[in-house]
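Visitor:
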Amino acid sequence: MTALDDPAEQVPTSAGGDNHALSTAVDDAAGTPPAPAPGGAEAAGRRSWVRHLTRWGAIGLSLVLVGTLGYLWFDSRVPSTYSVIDMGYADYGGGAVPLAGHQHAGGVSVSTLTGPATGTPAVAVTLTARKESFTLASGERVDGYTLNHASPGPEIRARVGDLVQVDLVNESVPDGVALHWHGVRVPNAEDGVAGVTQDAVPVGGRHTYRFVAQDAGTYWYHSHQVSHEQVKGGLFGALVVDPSPADLVLPVHTYDGRRTVQGASGERRLPAPAGVPARLRLINTDNGPLRLSVTGAPYRVVAVDGHDLHGPTDISDRGVVIAAGGRVDLSVTPPAGGGAVRVDLGAGSSVVVGPAGASAPAAVTPAAVVDLLSYGTRGPVDLDLSHFDRDFTLSIGRSPGFLDGRPGLWWTMNGHLYPDVPMFMVRTGDIVKMTISNDSGEVHPMHLHGHVALVLSRNGVPSSGSPWWTDSLDVDDGESYVIAFKADNPGIWLDHCHNLPHATDGMIAHLAYEGYTTPYVIGGKADNAPE
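Start counting at 1 in the sequence shown, then tack on 1106, and there's your number in the working numbering.
(1) Would you grab the beta carbon distance between Tyr1096 and Glu1296 for me? Rounded to a whole angstrom, and I think it's under 8 Å.
(2) Kindly list the residues whose CB is nearer than 6 Å to the CB of Pro1441, restricted to its own chain and excluding five residues on each side of it in sequence; keep chain order.
(3) Kindly indicate which three-state DSSP category Asp1411 falls into: helix, strand or coil?
(4) Inspect the beta-carbon positions of Val1355 and Val1346 and report whether they are closer than 7 Å.
(5) Are the beta-carbon atoms belonging to Asp1411 and Thr1232 less than 7 Å from one another?
(6) Does the distance from the CB of Leu1386 to the CB of Val1358 come in under 7 Å?
(7) Find the nearest neighbour of Val1459 within the set Leu1451, Phe1508, Arg1374 and Ala1409, judged by alpha-carbon distance.
(8) Determine the direct distance from the alpha carbon of Glu1148 to that of Ala1127, and round the result to whole angstroms.
(9) Please report the Cβ distance between Leu1562 and Ser1572, rounded to the nearest whole angstrom; I am assuming they are in contact, meaning their Cβ atoms lie under 8 Å.
(10) Specify, as a first and last residue, the run of the alpha helix (DSSP H) that Glu1335 falls within.
(11) Would you give the residue range spanned by the beta strand (DSSP E) that His1616 belongs to?
(12) Reducing DSSP to helix, strand and coil, say where Asp1536 ends up.
(13) Which residue marks the beginning of the alpha helix (DSSP H) containing Thr1610, and which one marks its end?
(14) Kindly list the residues whose CB is nearer than 8 Å to the CB of Ile1262, restricted to its own chain and excluding five residues on each side of it in sequence; keep chain order.
(15) May I have the straight-line CA-CA distance separating Ala1615 from Leu1451, to the nearest angstrom?
(16) With distances taken between CB atoms, is the gap from Asp1348 to Val1266 smaller than 7 Å?
(17) Please name the residue in Gly1535, Pro1596, Gly1394 and Ser1501 whose C-alpha comes closest to that of Ser1546.
(18) Between which two residues does the beta strand (DSSP E) carrying Lys1631 extend?
(19) Going by the DSSP bridge assignment, what does Thr1518 pair with across the sheet?
(20) Could you work out which residue in Gly1485, Asp1420, Tyr1481 and Ser1399 is closest to Pro1467 when comparing CA atoms only?
(21) Which residues mark the beginning and the end of the beta strand (DSSP E) in which Met1552 is found?
(22) Given a cut-off of 7 Å, decide if Val1299 and His1255 are closer than it, judged by their beta-carbon atoms.
(23) Would you please state the rounded distance, in angstroms, between the beta carbons of Ile1598 and Ile1191? I believe it to be under 8 Å.
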């Protein structure tokens, strides 16, 4: 503030002020001493003291503000190399707390939690990752990432009990690469998260994954190293366990603004006999919700996230929403009297299923969508819900602050900014309840690695339909879900938003089993960057 800006130092302009100034000037000219200011020297001294106090107070306040912002900036900086077991804070969910507290040192290394080391694999695949330009099935040219010169990468099919071996080779992905088996319950060392369960595979390197396919269903695999860029650019593929040969596997992905199914934009025609149910296995590989509609015949939702629903019924007036990372299996039957079924995926992309040459009606977008909380009928649940060993809360919000030294409006987890995020601590065998609420203004598809959760309620309304098992759950703004799962897969697991740019901006927590540690670090020589 300049002297002219300071009200205490401006010439008074109150009534009579100009006459006083003129009188003073005349008196000066006549040699008459000026009249003393009202109040005398004592009042003038008080005004001077107030001015100095105000000025120093403003300076002090500014210093406090700058110091506070400086501290927050400094405190938010993330080290170039760190271990996830040292970040955040331990949350025991009301369960037993070990004497050592949040300590993993000297525990079992997740690197030892591998799949079978011996045995001939029933399914053996080599996937070579490249950064390159490639052509979509519909002819458009894309600059991105491929597996075996294609995107989506090769479809992997296995049977329950099969030993699956995948050799990942990095030919030209400069940031390194790792493969995560989304929704598949693999041993922790096979989970494919750079910096947590392995090091990123550098250019010229190779990594082998071996695991037994335990559960039938629709899954997928994708990069978990710089995943927000590599998945968007095409580094992913489908994995299906126990499919029928006639099942149609339909990964949906948006390349450079073009929505595709099976790597083709526009309308995709898929042959299927009239009058015979066809199973469509849809996979949402994008970052946001996928809303689809079906016209031409009633349909059923027969599975969600790899788990069959109990008592599904015909649907004709509602659409379906698939969370980012989620999967939905539909049963559609082309009309016996002729015609085809259209599955509209939005953004100009659709699938027409029926006999060759059969026409399908135009897409219609219903106002309502299937509510999985009440769809289907009740069925048996292989999970003891009579008690819970851990009861966690995960509250998603948004707050201004600093993230790694950058100011902005960032996502929060339980009111904390990354990396001060929760580490949910469990023991093997625990039955876990978790309440997930969202007050952030946007939908978040929450994905827990290595486990499958049962939805118990939404906004206080209990589930009344088929048991709804999920690993990729959309939690919309203003919603609150209660889920439950069994801690039956030891290790250190990510629990994060599968809108991958959100994860990059700090929407990451971890589920950690007591007594386990990891030798891998974020950053480091491998430059691990899972998100």
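Ideal Cβ positions, reconstructed from N, Cα and C, are used throughout, including at glycine.
In this text the structure is predicted, and so the values were computed from the model without any measurement.
Guide: The relevant details are as follows:
(1) Residue 1096 cannot be examined here, being either before or after the span of the chain that is shown, 1107 to 1637.
(2) Ala1403
(3) coil
(4) yes
(5) No; because the gap between Cβ atoms is not below 7 Å, this pair is not in contact.
(6) No, the pair does not count as a contact, with Cβ atoms beyond the cut-off.
(7) Arg1374
(8) Because Ala1127 carries a pLDDT of 40, less than 50, the predicted location of this residue cannot be relied on, and no value is offered for it.
(9) Not a contact, Cβ separation roughly 13 Å.
(10) Ser1333 to Gln1336
(11) Ile1614 to Tyr1619
(12) coil
(13) Leu1606 to Thr1610
(14) Val1229, Val1231, Val1270, Val1272, Tyr1327, Gly1343, Ala1344, Leu1345 and Val1346
(15) 31 Å
(16) yes
(17) Ser1501
(18) Taken as a continuous stretch (DSSP letters only), Lys1631 belongs to no beta strand (DSSP E), as it is neither H nor E.
(19) When beta bridges are read from the DSSP output, Thr1518 appears opposite Gly1503.
(20) Ser1399
(21) For Met1552, the uninterrupted beta strand (DSSP E) segment begins and ends at His1550 to Leu1554.
(22) no
(23) 7 Å
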